[in-house]
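Here the protein sequences come in this chain order: A, B, C and D. The UniProt record's numbering puts the first residue of the first sequence at 1, with every later residue one more than the last. The UniProt record's numbering puts the first residue of the second sequence at 1, with every later residue one more than the last. The UniProt record's numbering puts the first residue of the third sequence at 1, with every later residue one more than the last. The UniProt record's numbering puts the first residue of the fourth sequence at 1, with every later residue one more than the last. Have a look at the structure below before the remarks.
Number of protein chains: 4
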Amino acid sequence: MFYDAIVVGGGVIGSSVAYQLARRQKKVLVIDRGKTGQKASSAAAGMLGAQSELKGDDSLFQMARTSRAMFPSLAVELKELSGIDIGLQQKGLYKIALTNEEKEAWKQLGKSQKAVGETARWIDRDEMRETEPSLSDRISGALYLPEDGQVDAPKLTKAFAASAAALGADFLEHTDVTGLVEENGRIIGVRTIGGTYTGNAVIAAAGAWSASLLNAERTIVETYPVKGECFSVRTKRPLITGTLFTKDCYIVPKAGNRLVIGATEHVGSFDESVTLEGLFQLMEKARRLIPSLRESEMEDTWAGIRPQTKSGIPYVGPHPEKEGLWMATGHYRNGILLSAVTGKLMADQIEGKSVDPDWVTSGQSFITIEGGLS
Amino acid sequence: MFYDAIVVGGGVIGSSVAYQLARRQKKVLVIDRGKTGQKASSAAAGMLGAQSELKGDDSLFQMARTSRAMFPSLAVELKELSGIDIGLQQKGLYKIALTNEEKEAWKQLGKSQKAVGETARWIDRDEMRETEPSLSDRISGALYLPEDGQVDAPKLTKAFAASAAALGADFLEHTDVTGLVEENGRIIGVRTIGGTYTGNAVIAAAGAWSASLLNAERTIVETYPVKGECFSVRTKRPLITGTLFTKDCYIVPKAGNRLVIGATEHVGSFDESVTLEGLFQLMEKARRLIPSLRESEMEDTWAGIRPQTKSGIPYVGPHPEKEGLWMATGHYRNGILLSAVTGKLMADQIEGKSVDPDWVTSGQSFITIEGGLS
Amino acid sequence: MFYDAIVVGGGVIGSSVAYQLARRQKKVLVIDRGKTGQKASSAAAGMLGAQSELKGDDSLFQMARTSRAMFPSLAVELKELSGIDIGLQQKGLYKIALTNEEKEAWKQLGKSQKAVGETARWIDRDEMRETEPSLSDRISGALYLPEDGQVDAPKLTKAFAASAAALGADFLEHTDVTGLVEENGRIIGVRTIGGTYTGNAVIAAAGAWSASLLNAERTIVETYPVKGECFSVRTKRPLITGTLFTKDCYIVPKAGNRLVIGATEHVGSFDESVTLEGLFQLMEKARRLIPSLRESEMEDTWAGIRPQTKSGIPYVGPHPEKEGLWMATGHYRNGILLSAVTGKLMADQIEGKSVDPDWVTSGQSFITIEGGLS
Amino acid sequence: MFYDAIVVGGGVIGSSVAYQLARRQKKVLVIDRGKTGQKASSAAAGMLGAQSELKGDDSLFQMARTSRAMFPSLAVELKELSGIDIGLQQKGLYKIALTNEEKEAWKQLGKSQKAVGETARWIDRDEMRETEPSLSDRISGALYLPEDGQVDAPKLTKAFAASAAALGADFLEHTDVTGLVEENGRIIGVRTIGGTYTGNAVIAAAGAWSASLLNAERTIVETYPVKGECFSVRTKRPLITGTLFTKDCYIVPKAGNRLVIGATEHVGSFDESVTLEGLFQLMEKARRLIPSLRESEMEDTWAGIRPQTKSGIPYVGPHPEKEGLWMATGHYRNGILLSAVTGKLMADQIEGKSVDPDWVTSGQSFITIEGGLS
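Here it is in structure tokens:
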């Protein structure tokens, strides 16, 4: 079979791309070297934090808020197609200031967002502690971002994949892609350990593992891995309502009195193990933020490897040199948030539709490196 | 603290009772000897099969359809309170006939239900295979029960418990109840391995393990355990839409291309292990019913211990001899389906409200046995 | 069948008793309410620390060193019968002093042990760090106890149980004991949720859960639960050779570059969950003791409920009031170490052999409490 | 660092090679793309079946019996270095005949082995059932191979790896090898997703995943994957003593009353999932062979991907074209058995020692394929 599109990587990005293409009657093949949705996508805390870090004039901001706005209807569509509830919660995000410097900075952040039409409100310490009484009194206040929310990240990925499958997409698991198939200067397929598959478009969506695929022929797409460690706890009752976000740590309330706490940042590491020190530092920050967390029950610990780019902007667009090869990677800590718009953007481009040029990775993001990534 | 009610057992029945009481501003304590929702409640396949086995004039039928009708609004309430989606699917149940005898019997069953206002429609083999093309051609047809549905049983239990907790109910896990506290001929509390708790009502809702609590002072409430083994598989695409139900085996489609297949019946066993032969027999039946199941991926196997009563009618009401002691057990294979109405019924009775006397276990269900259960 | 002995509890104590009885051709039944060996026995770190805390003239010391001395031959016997290697390591234990006060105290401890013929040697900081170079330099030295060692606790329990089964002992899992059977003032069996079993001796060996069984008829055997939380890590290479033991934390090197770190002490708790704060405090102590532990990989966290007695002496002997009822519980943190001798001691007593009277719990350990344990 | 050897793949073969090289003071790096020992090596049942299938004059037979003979001393060495007991059992293997044709064939097999000095004895049905009373009476007898035995495969792999690490070998997990580094026509290292590593020898020991590494520059080393599904059960008592081996199924008794039952054969599949039908067929064979297995408790199911070669002979030797590149793969179902000798053989060759030329893969095993493996 000659596919309309072959997606390499069955994480949240690859599955979203597959879903959008399948909705448009494209014949799609998704290839994953393990099981779909097992890597960074299911390690994510699932925040839809369009406003938690991006300024109103940041190049990613417009993309982020567009993606965030897609989730309410996506939740309905995906539930209908796959039966999976993605756990969308729209209860806001509190960007906590721990110092006066942070207080000023967060206020500026909010201001920049209000300038482009978003809601952001400064809440002082006392009001904040009234809103979330479990919070420590050692905070300076918080920027309240009512439009930011969250989803259940593992379920979102499963829902994209199952919905794509329900619409006819093929999924090939446990299959390593070992190279690209080129014909007359155009990429027309992939070689895998289990055979060759051909199609009209090949989309590299393998997160931190995309680099070797994209770097065919010495053109280097520069991404690097950033390990993030997380843990979760169970509490007897809900401790918080909205998501708490500080510079070093976030706490996301999940269904059933679970809290997900993340995340460390280890640049350069592909090692998915959780270190004692990583976990320890995270626990220390979390228990300072919410003192009553100390009595909570440890549930799980895990890590994910996020793909970062040198520019900080994800690669979403055509490969700069190889026709037929497309890129959807480098989403770093915004993979869940940006998955919705990334899927649509890729499908639009592959269909040849016009898209906002600001959202497509332009040529200058690519550099040629002698000697590889090491 | 003197509780309004102490519920012994944090499974689906106990948690539903606690939820209904907490909604009415009662102060409730739920005691579980392990973690809540870990036993038969999370082993269940989650069918809401009011019509799959009960005749229209069966004494349980009215209770079953009343309970089934409560789930749509329950799903909304519980999601709101706990964030947990209970996975309600209302896509009908097909009671498959494999022989002509079954065909006649199922038709009679449907007739009896239509006589009391329910929908039930006979579907012949060809129409059935058009509706569910994965089905074997060795069937005789099916009774289609469009109102029967299903939920995700582990999530339903978690949602009841988390919602009750959100409304103020206390949960005490890892706590063995070792006896009842009696004062002036009235049960006023429980002794546990970690101390004594007192309250206005004690509700035995510990499923198959309720007997020793209820049988204080030689009055025997006769329940016995029935082990049921199940397994689940993953398929690449949805194989079926509705639930398939045969005399010996059922196949329930779950979100994300999972199928739950159950269940064996081992009378008298408290042993929660899955036997090779139990699993083998179940697999054999399932692969005959849906031949393409052979390529599916084994996901998990498990067993649950269901509480059965001699009469076949669950105990939902006051203990016949001990004032202050209440019973909510003996739901056998209908625990998930009947959990909704059982919670309401118990709360009504404990509040002193009048309830349909047919639904409350009457005295004749109880017998006195010399020498115990062995 | 009328058994020679019915052991209630299939943990390390119950399984050791069953093993010793089965070796003597007794017909034994072991009843466990879950699976055997799943509670405190498999939560233990497995230290054989006869000298780590007991003074030479401590009443338990003689019992402890006798038990420790049994392990080398036990390891061989159990491997032969069950195929299970109990992971006996005889590489010594270092009782680390962190302050000068501890230094003096540990030296005194060693002196008291040398007085009764044991080996114990003070090692100063520099020698200690030469021996175990991963250790922090903030220690004052250590008492080296070369005869103390360790086993793999879960495997020891499994090996006792499998060896007893190989010698003919019956094991009944998933079976709650609900009461004792008494005849003419003598205990002759147990009632369980699945029937009644009779025998010549009933041995309560259910650890922290033994109390309700032993406290028939208002005579209180006073034990209380002490929860201990632990965690384990993986290192790339062996960090230490011997076991490190401080006042608050121990680190036990296991096969395959694993380290087990324990344990917190929560008096009165039957709750087997690991709290954030318990884990955090333990991690803090461990990373101070071995700074390079910070890079290690978190593997698992768990908790066990240890049975403590008011006197601090385990109950190993006949029940003070009920003929036919025996006790083997209250071993607190010494269950693994004392399991060997406890098995032998119980078997000797049940056979009517004379035993060292100092090792058998005497009457004065028992008290009558009004109003129960709470 | 310039390594003496870089081993790609941390399974049983790679770890054995690393262990033998580390023992000879070589500086070794083992690179695994996941965790070491997680693939086929830990899926294996651990049989040391040198005589179960190979004729006395088979080219692999000499290698197989040499390897088998190494295990007793290996067990001691690895336990000493790593603390891990590899679970060596030397209780023989019974090659069961189910038909008269098999009876004649197995007798011939034994005869061919006796001709080269091995022990093999025909046991008729009645004697066989006396020896292993749990066996079905529908067998025709068995060839008894007293020298064949078994180990615990996951522990063997861990023991090789931990022993190599203890001797100074470096292990790099979670690291994809993306290509070879070539200099002046010689392989001098590997490129990985986390950087480049150089060394004097590169050994491809990645099992079924070795092909892409070995097939640099269009020379095809022809291996293909064969998936094998297994399951394990727990029994209350030991059902069998020796390993039972039939044409389609084997049953291996493990420590602690576990039985491992394997294995299906799916040629061409890299998919590690267990299918319903694969498991079903295996269960059917096993319950016919040992009827009382029906009451056993299901414990686990799993699958592994074994690397097979077209000739059926593993590749153990230099790559036919690329100097500096070595191969140790293609062991199919004999990976555990042959791991011992493969490690030694590779270390000898890399050190430049002379080895038995019959055991080294010769040139004719390699062919050049146009268009790859698909």
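Just so you know, even glycine gets a beta-carbon here, dropped at the ideal spot from N, CA and C.
Asked                                                                                                                                                                               : Found
Applying a beta-carbon distance threshold of less than 8 angstroms, which residues of chain D neighbour SER296(B)?                                                                  : THR275, LEU276
Using 10 angstroms around the beta-carbon of ARG68(A), count the other beta-carbons present and answer buried if the total reaches 16, otherwise exposed.                           : buried
At a threshold of 7 angstroms, does LYS322(D) count as lining the ligand NAD (C-beta to nearest heavy atom)?                                                                        : You won't find the ligand NAD in this model; it holds no ligand whatsoever.
So who's on the other strand from PRO225(A), going by DSSP bridges?                                                                                                                 : PRO307(A)
May I ask which residues mark the beginning and end of the alpha helix (DSSP H) holding PRO318(A)?                                                                                  : Not the alpha helix (DSSP H): PRO318(A) falls in the beta strand (DSSP E), residues 315 to 318.
State yes or no: is the beta carbon of PHE245(D) nearer than 8 angstroms to at least one beta carbon in chain C?                                                                    : no
On the DSSP bridge assignment, give the partners of LEU230(B) in chain order.                                                                                                       : The amino acid occupying residue 230(B) in the given sequence is Cys; Leu does not appear at that position. The partner list for CYS230(B) (beta bridge, DSSP) reads GLY262(B), TRP302(B).
Taking only the alpha-carbon atoms, compute the straight-line gap between GLY207(B) and GLY194(C) and give it to the nearest angstrom.                                              : 14 angstroms
Can you say whether PHE61(A) is buried or exposed, counting buried as having 16 or more other CB atoms within 10 angstroms of its CB?                                               : buried
Looking at chain B, is there any beta carbon in it that lies within less than 8 angstroms of the beta carbon of LEU289(D)?                                                          : no
Confirm, please, whether the CB-CB distance from LYS35(D) to TYR3(D) is below 8 angstroms.                                                                                          : no
Which word fits GLN25(C), buried or exposed, when buried means at least 16 other C-beta atoms lie within 10 angstroms of its C-beta?                                                : exposed
Do VAL233(C) and LEU259(C) have their C-beta atoms within less than 8 angstroms of each other?                                                                                      : yes
Is the Cβ of GLY9(A) closer than 8 angstroms to any Cβ of chain D?                                                                                                                  : no
Taking only three categories from DSSP, how would you classify ALA286(C)?                                                                                                           : helix
Going along the region 301 to 323 of chain D in order, which residues come within less than 8 angstroms of chain B, judged by CB to CB distance?                                    : THR301
Would you kindly check if the distance between the Cβ of ILE31(B) and the Cβ of GLY256(A) is under 8 angstroms?                                                                     : no
Taking the straight line between their C-alpha atoms, what separation do you get for ALA115(B) and GLY56(B)?                                                                        : 7 angstroms
Considering only their Cβ atoms, is the gap separating ALA347(B) from ILE13(B) smaller than 8 angstroms?                                                                            : no
Taking 8 angstroms as the threshold (C-beta atoms), are PHE71(D) and VAL151(D) in contact?                                                                                          : yes
How many angstroms separate the CA atom of LYS254(B) from the CA atom of ILE336(B)?                                                                                                 : 15 angstroms
Check whether the Cβ of SER59(A) lies closer than 8 angstroms to any Cβ atom in chain B.                                                                                            : no
Any idea what DSSP makes of residue 375(D), helix, strand or coil?                                                                                                                  : The structure shown does not extend to residue 375(D), since chain D spans only 1 to 374, so no value can be given for it.
Between ASP271(D) and chain A, is any beta-carbon pair separated by less than 8 angstroms?                                                                                          : yes
Identify the continuous alpha helix (DSSP H) that holds PHE71(B) and give its terminal residues.                                                                                    : 61 to 82
Shortest alpha-carbon distance to ALA303(D) belongs to which of ASP271(D), GLY324(D), ALA50(D), PRO318(D)?                                                                          : ASP271(D)
Nearest-angstrom Cα distance between MET1(C) and LYS91(B)?                                                                                                                          : 53 angstroms
Helix, strand or coil for THR36(D)? Go by DSSP, reduced to three states.                                                                                                            : coil
If you measure from the beta carbon of VAL233(A) to each beta carbon in chain C, is any gap under 8 angstroms?                                                                      : yes
Name the chain A residues whose beta carbon is nearer than 9 angstroms to that of ALA164(D)?                                                                                        : Those do not exist, as ALA164(D) stays about 19 angstroms from chain A at its closest Cβ, beyond 9 angstroms.
Among LYS322(D), THR175(D), GLU101(D), which residue has its Cα nearest to the Cα of GLU182(D)?                                                                                     : LYS322(D)
Looking at the structure shown, is ARG294(D) part of a helix, part of a strand, or coil, going by DSSP?                                                                             : helix
Name the chain D residues whose beta carbon is nearer than 9 angstroms to that of GLN89(C)?                                                                                         : GLY83
For SER292(D) and ALA263(D), what's the separation of their Cα atoms in angstroms?                                                                                                  : 20 angstroms
From the DSSP output, in three-state form, read off ASP170(C) for me.                                                                                                               : strand
Excluding the five sequence neighbours on either side, which residues of its own chain have a C-beta within less than 6 angstroms of the C-beta of LEU21(C), listed in chain order? : ALA5, VAL28, ALA347
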